[in-house]
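First up is the structure itself, then whatever we jot down about it.
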Amino acid sequence: MHPEAPPVEGDMSEAVSIFVELRPRLFGIAYRVLGSAVEAEDVVQEVWLRWQRTDRSVVVSPVAFLSSTTTRLAINVAQSARVRRETYIGPWLPEPVDTSNDPEVGAERAEALELALLLLLERLPPTERAAYVLREAFDYAYPEIARILQLSVVNVRKIVSRARKHLTDDQRDSVDAAEHRKLLNAFVAAARQGDVASLEALLTPDAVSLSDGNGIRGAARVPVLGRARVANLSTAYPRFWPTVEVEPVEANGRSGILLHRDGRPTTFMTIAATYRGVHQVMWVFNPRKIAAFVGSRSRCAAVPGV
1 MHPEAPPVEG
11 DMSEAVSIFV
21 ELRPRLFGIA
31 YRVLGSAVEA
41 EDVVQEVWLR
51 WQRTDRSVVV
61 SPVAFLSSTT
71 TRLAINVAQS
81 ARVRRETYIG
91 PWLPEPVDTS
101 NDPEVGAERA
111 EALELALLLL
121 LERLPPTERA
131 AYVLREAFDY
141 AYPEIARILQ
151 LSVVNVRKIV
161 SRARKHLTDD
171 QRDSVDAAEH
181 RKLLNAFVAA
191 ARQGDVASLE
201 ALLTPDAVSL
211 SDGNGIRGAA
221 RVPVLGRARV
231 ANLSTAYPRF
241 WPTVEVEPVE
251 ANGRSGILLH
261 RDGRPTTFMT
271 IAATYRGVHQ
281 VMWVFNPRKI
291 AAFVGSRSRC
301 AAVPGV
C-alpha cells in the first residue's frame, strides 16, 4: 500500500477527475466479484476515501492503484460474505442490476455479467474469482493481475485457467441475447396461460428453478429440480399471474421481467438457456435485491403482457 498523507488541496480536483473517470471500471470489478451492487458501492466508496487520504504524488499509476485497492477490498468482503450467506434462508442469487439505466456495471466489457455466470463465480474462492474477472471481463495482463493479487505470474495463469475450465464445464453454451429474449417471452406467456405442456417443451430435463427470498413467504426454500416440477411450479398459483403486471427489463445485459403488484415491483425473474432449452429459472423475491429497479424506471412502462 502507498503511504497516506493529508490531501493536498491543489490536486484534489485532479484526484476527483481521475476517480470519476475510473469509477465505472472499479464498480464493475467489485460487482462481478461480489454479485451485489450494494456491497460493490460500499467498496467503491471505501476506495474513494483511501484515494483521498493517499499521498498521490508517489502513485505511479492511478489505474493500477485504484484497481488493486478495489480488488483487494472486494476479496475481503467476499470472504466475509461467504460466511454471511451460510445463514441465508433458501437459495442465494446475485443482485440483478438495471443495465439499461445503469451502464456502469457493464462498462468496458460485458463478460462475466450474466446472473447465471455470477452465480457460478460464487462457487470459486474469492481470489480465483477476482483473477478470472480481471482477466476475462477487463482484459488485465497476467503480470498486472499478479501484482494486484500479490501472486506469481505462473500461479495467476494457473488460477485463471482453472477458473475458466470450471466455469466452461458448468455454464454450457449460452444462447445469444435475441434468442434469450425469445425464450423468456415464450416461457412467461406459457406460464401466464397455465400451459404446462408448452413450458415443459421449453425446459431441459435437468432444469432447475431457484427462488431468492431469504425466508419471504411464497418463495421456495430449496431448488426445484426437473422439467415437470419446474413447469408446474411456474403455473402452480392460479391467482398469481392475473394479479401482476409484467414489465420487460434489461438486467445484467440480458432480458428479464419485473413483476408489479398494486403498482409496486415485487419480483424479478429471468432464465438461463442454451440451444437445448431453458436450464435455469431464477426468481428474486427479496425486496432489497430489486431496490435498484424502484424509482430508476418509469412505472408507466409496466404492461399487461410481454
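Under full-length UniProt numbering, the residue at position 266 of the sequence shown is numbered 266, and the numbers go up by one with no gaps. Note that beta-carbon positions come from the ideal geometry of N, C-alpha and C, so glycine has one too.
State buried or exposed for residue i, treating a residue as buried only when at least 16 other CB atoms are found within 10 Å of its CB.
{"i": "methionine 12", "result": "exposed"}
{"i": "arginine 254", "result": "buried"}
{"i": "isoleucine 290", "result": "buried"}
{"i": "valine 154", "result": "exposed"}
{"i": "glutamine 280", "result": "buried"}
{"i": "valine 222", "result": "exposed"}
{"i": "glycine 194", "result": "exposed"}
{"i": "glycine 90", "result": "buried"}
{"i": "alanine 197", "result": "exposed"}
{"i": "serine 68", "result": "buried"}
{"i": "valine 47", "result": "buried"}
Tell me whether residue i sits in a helix, a strand or coil according to DSSP, three-state version.
{"i": "methionine 12", "result": "helix"}
{"i": "glutamine 79", "result": "helix"}
{"i": "threonine 71", "result": "helix"}
{"i": "threonine 235", "result": "coil"}
{"i": "serine 161", "result": "helix"}
{"i": "isoleucine 89", "result": "coil"}
{"i": "aspartate 98", "result": "strand"}
{"i": "glycine 256", "result": "strand"}
{"i": "valine 246", "result": "strand"}
{"i": "leucine 134", "result": "helix"}
{"i": "valine 284", "result": "strand"}
{"i": "residue 343", "result": "Outside the modelled stretch of the chain, which goes from 1 to 306, sits residue 343, for which no answer is possible."}
{"i": "glycine 28", "result": "helix"}
{"i": "arginine 261", "result": "strand"}
{"i": "alanine 112", "result": "coil"}
{"i": "valine 278", "result": "strand"}
{"i": "valine 224", "result": "strand"}
{"i": "alanine 219", "result": "coil"}
Which residues in the same chain have their Cβ closer than 6 angstroms to the Cβ of residue i, if we skip the five residues on either side of it in sequence?
{"i": "alanine 220", "result": "Ser211"}
{"i": "leucine 134", "result": "Tyr140 and Ile145"}
{"i": "glutamate 41", "result": "none"}
{"i": "glutamate 39", "result": "Val77"}
{"i": "serine 36", "result": "Glu95"}
{"i": "residue 311", "result": "As displayed, the chain neither begins before 1 nor continues past 306, which places residue 311 out of reach and without an answer."}
{"i": "asparagine 286", "result": "Asp212, Gly213 and Asn214"}
{"i": "glutamate 9", "result": "Low per-residue confidence applies at glutamate 9: pLDDT is 49, beneath 50, and the placement is therefore not dependable, though the value from the model is reported in the following sentence. Here the set comprises nothing."}
Beta strand (DSSP E) containing residue i: first to last residue?
{"i": "phenylalanine 268", "result": "264-274"}
{"i": "aspartate 212", "result": "203-212"}
What does a CB cutoff of less than 8 angstroms around residue i pick up in its chain, not counting 5 residues either side in sequence?
{"i": "serine 152", "result": "Ala146"}
Specify, as a first and last residue, the run of the alpha helix (DSSP H) that residue i falls within.
{"i": "alanine 51", "result": "Reading off the sequence shown, one finds tryptophan at residue 51, where the question assumed alanine. 37-53 is the extent of the alpha helix (DSSP H) around tryptophan 51."}
{"i": "glutamate 144", "result": "142-149"}
List the whole-angstrom C-beta distance separating residue i from residue j, where the pair is believed to meet the contact cut-off of C-beta under 8 angstroms.
{"i": "arginine 261", "j": "valine 244", "result": "5 angstroms"}
{"i": "isoleucine 257", "j": "leucine 183", "result": "At roughly 12 angstroms, the Cβ-Cβ gap does not stay under 8 angstroms, so isoleucine 257 and leucine 183 are not in contact."}
Looking only at its chain, what residues have a beta carbon closer than 7 angstroms to the beta carbon of residue i, apart from the 5 residues adjacent to it on each side?
{"i": "arginine 276", "result": "Thr204"}
{"i": "threonine 274", "result": "Arg172, Asp173, Ser174 and Val175"}
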